[in-house]
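According to the working numbering, the sequence shown is numbered sequentially starting from 10. A virtual CB, placed ideally from N, CA and C, is assigned to each residue, including glycine.
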Amino acid sequence: MPMSSLTRRRFLTRTLDGLAASLLVDEIGTIGAQVLGARPARAHDVSVLNPGARVPVGLIIDDSTCLVNLNRFAMPQFDEAFGGANEAYKKPWREWPVEIPDRFVRRFGEWCADQGVKGKYSIVPYPACVGRLDRGLPGWTQREVADSLELVRSLLLPNWDIHPEIVTHTRVIDLETGHPYADHSLRFMENWEWTTGRSADEIAQYMVYALQILKNVGLPCDGITTPGGFAVKALPELAEATLQAVRDVFRAEIPHYFRHAYAKGDESVAPRVELAGDLDGPDPRAVVSIVSCTGDWTGGWDNKPPAGADRFITEDLQSGRVVEVVERGEPAVMQAHWTGFYWNGQELGFKVFQEVVRRLHARFDDLVWMKLSEVARYWAAKELTRIDRVDRRVAFRAPFACPQFTVQIPGARGARPRFAAGGGPATALREVGTRLDLRSGTWWREQERLIVCFDLPKGASELRLGEDEDV
Numbered sequence: 010m011p012m013s014s015l016t017r018r019r020f021l022t023r024t025l026d027g028l029a030a031s032l033l034v035d036e037i038g039t040i041g042a043q044v045l046g047a048r049p050a051r052a053h054d055v056s057v058l059n060p061g062a063r064v065p066v067g068l069i070i071d072d073s074t075c076l077v078n079l080n081r082f083a084m085p086q087f088d089e090a091f092g093g094a095n096e097a098y099k100k101p102w103r104e105w106p107v108e109i110p111d112r113f114v115r116r117f118g119e120w121c122a123d124q125g126v127k128g129k130y131s132i133v134p135y136p137a138c139v140g141r142l143d144r145g146l147p148g149w150t151q152r153e154v155a156d157s158l159e160l161v162r163s164l165l166l167p168n169w170d171i172h173p174e175i176v177t178h179t180r181v182i183d184l185e186t187g188h189p190y191a192d193h194s195l196r197f198m199e200n201w202e203w204t205t206g207r208s209a210d211e212i213a214q215y216m217v218y219a220l221q222i223l224k225n226v227g228l229p230c231d232g233i234t235t236p237g238g239f240a241v242k243a244l245p246e247l248a249e250a251t252l253q254a255v256r257d258v259f260r261a262e263i264p265h266y267f268r269h270a271y272a273k274g275d276e277s278v279a280p281r282v283e284l285a286g287d288l289d290g291p292d293p294r295a296v297v298s299i300v301s302c303t304g305d306w307t308g309g310w311d312n313k314p315p316a317g318a319d320r321f322i323t324e325d326l327q328s329g330r331v332v333e334v335v336e337r338g339e340p341a342v343m344q345a346h347w348t349g350f351y352w353n354g355q356e357l358g359f360k361v362f363q364e365v366v367r368r369l370h371a372r373f374d375d376l377v378w379m380k381l382s383e384v385a386r387y388w389a390a391k392e393l394t395r396i397d398r399v400d401r402r403v404a405f406r407a408p409f410a411c412p413q414f415t416v417q418i419p420g421a422r423g424a425r426p427r428f429a430a431g432g433g434p435a436t437a438l439r440e441v442g443t444r445l446d447l448r449s450g451t452w453w454r455e456q457e458r459l460i461v462c463f464d465l466p467k468g469a470s471e472l473r474l475g476e477d478e479d480v
């Protein structure tokens, strides 16, 4: 499976050339060793709010795949990698089921669809070296594997992004042979040392291998999930590799990845838009790091007892980590493990999460469930769209289109906004009576401020703030 001709050297050259050539560059910085890239000039008095002035929420499901109960097969491999010296991997894995059945996938997917829950669902392509999903899983028939994949495509894809959690989530695969390396130590485990010291090209090639398996079975991917400590010592290379690999295999416009989680503290959990460049060109680029705000509190990947719903939101609905994050207006992307949701058939983690959702919906009326790709697109548009305000016009220059784009404009007494795309005719937007009524094509007045929600097109567009007629 060859990589495209976009090597790391060419990639970096294009990125740096794009930064140097762009007239829009306002800021180049780093967060946690990550290169942010270009940032456009922005009108100081126009703010981009959350989509529809609501707070995004989502769920990250890790360690999921078709049929294989990943922890049952991963546990002995982790134990061997540590030479039997780590008590964390001394668990009764032989007593655990080999399968997480599709009837549970169906029950989970139907319940989430009914509740409006969205997020990311991993499909490990070669789970714990049991077998490749595109070539069959020993222990299951071809029909069982095909039916399981079809269930993911038909039931989950509308509301869930699919990610490879790299290739096996355990041992590293030799891309030349398609087999695990003979070295069983931490040096050749995906969760630990393999990425240390490797280039973005090497990591991207490994990602391409994983992505291609999912492409072979008809599962589209806009992003990557890192298993365990994958790339924790190669963060810049991780971002570059994700951008290369996801664009190469799936032509995704805005690749994203999940690596970081901050389960406590004041550090921002907002998405991080990285490696942005060529914002005014025909091929704008960016990769988005999605950050989780919770720990693994729904039952650990290794069948730890669940911490319970209170860690997310307390029974009185007044506190908990998700309440804290929502109240400060940042996306509350929660994290869980599929093996903990199923919990050897007892479904302990799933029951905890069902209670979390019930409490969140009882406490908040301004949440919007989003897939990770939707969050990534919104934050890329939020940070990379140029905004200029001249008199009673607000002009936008967007490298990426974005639905439900929402801005707040002060000093607009009496204005009745109209929207025009690409120099075309302006269309009147509809006034709504409350903030919660905001949808694309509407606006709401809050004293002398306007909050306007519209579908932002790629390229040029503008809001015209005329009173009785277009200006």
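Compute the Euclidean distance between the alpha carbons of residue i and residue j, then round it to the nearest angstrom.
i: residue 317; j: residue 464; result: 39 Å
i: residue 131; j: residue 366; result: 20 Å
i: residue 470; j: residue 453; result: 20 Å
i: residue 67; j: residue 128; result: 5 Å
i: residue 152; j: residue 293; result: 42 Å
i: residue 43; j: residue 215; result: 20 Å
i: residue 263; j: residue 413; result: 17 Å
i: residue 34; j: residue 56; result: Low confidence applies here, because residue 34 scores a pLDDT of 32, under 50, leaving its location unreliable and the question unanswered by this model.
i: residue 107; j: residue 136; result: 12 Å
i: residue 138; j: residue 186; result: 13 Å
i: residue 336; j: residue 122; result: 25 Å
i: residue 163; j: residue 379; result: 18 Å
i: residue 312; j: residue 353; result: 8 Å
i: residue 291; j: residue 189; result: 41 Å
i: residue 374; j: residue 62; result: 11 Å
i: residue 231; j: residue 451; result: 30 Å
i: residue 197; j: residue 183; result: 10 Å
i: residue 411; j: residue 95; result: 47 Å
i: residue 225; j: residue 257; result: 15 Å
i: residue 87; j: residue 111; result: 26 Å
i: residue 103; j: residue 462; result: 54 Å
i: residue 338; j: residue 324; result: 21 Å
i: residue 456; j: residue 268; result: 41 Å
i: residue 93; j: residue 147; result: 27 Å
i: residue 208; j: residue 246; result: 6 Å
i: residue 79; j: residue 279; result: 30 Å
One question on the structure: do residue i and residue j come within less than 7 Å of each other, judged by their Cβ atoms?
i: residue 212; j: residue 250; result: yes
i: residue 298; j: residue 281; result: yes
i: residue 272; j: residue 235; result: no
i: residue 60; j: residue 351; result: no
i: residue 240; j: residue 176; result: no
i: residue 203; j: residue 217; result: no
i: residue 346; j: residue 170; result: no
i: residue 437; j: residue 448; result: no
i: residue 408; j: residue 430; result: no
i: residue 165; j: residue 118; result: yes
i: residue 194; j: residue 90; result: yes
i: residue 83; j: residue 205; result: no
i: residue 283; j: residue 248; result: yes
i: residue 472; j: residue 361; result: no
i: residue 381; j: residue 265; result: yes
In the DSSP output, which residue or residues are listed as bridge partners for residue i?
i: residue 169; result: 128
i: residue 232; result: 265
i: residue 69; result: 129, 344
i: residue 413; result: Its beta-bridge partners do not exist; DSSP assigns none.
i: residue 328; result: Answer is none; residue 328 lacks a bridge partner.
i: residue 400; result: BP columns for residue 400 are empty, so no partner.
i: residue 405; result: 396, 470
i: residue 427; result: 437, 473
i: residue 64; result: 376
How is residue i classed by DSSP in three states: helix, strand or coil?
i: residue 379; result: coil
i: residue 107; result: coil
i: residue 122; result: helix
i: residue 1; result: For the chain, the structure presents residues 10 to 480; residue 1 sits outside this window and is missing.
i: residue 311; result: coil
i: residue 39; result: Summary for residue 39: the model assigns pLDDT 43, below 50, so the residue's position carries little reliability, and this model does not support an answer.
i: residue 322; result: coil
i: residue 115; result: helix
i: residue 139; result: coil
i: residue 226; result: coil
i: residue 366; result: helix
i: residue 361; result: helix
i: residue 77; result: strand
i: residue 57; result: strand
Which complete alpha helix (DSSP H) runs does the region 233-309 hold, if anything under 4 residues is left out? At a cut-off of 4 residues, the continuous stretches assigned as alpha helix (DSSP H) that sit fully inside the region 233-309 are 244-259.
Ordered list of beta strand (DSSP E) runs contained in the region 149-219, each at least 3 residues: 169-172
Please give the ranges of any beta strand (DSSP E) in the region 429-478, keeping only runs that are unbroken, at least 3 residues long and fully inside the region. 451-455, 458-465, 468-473
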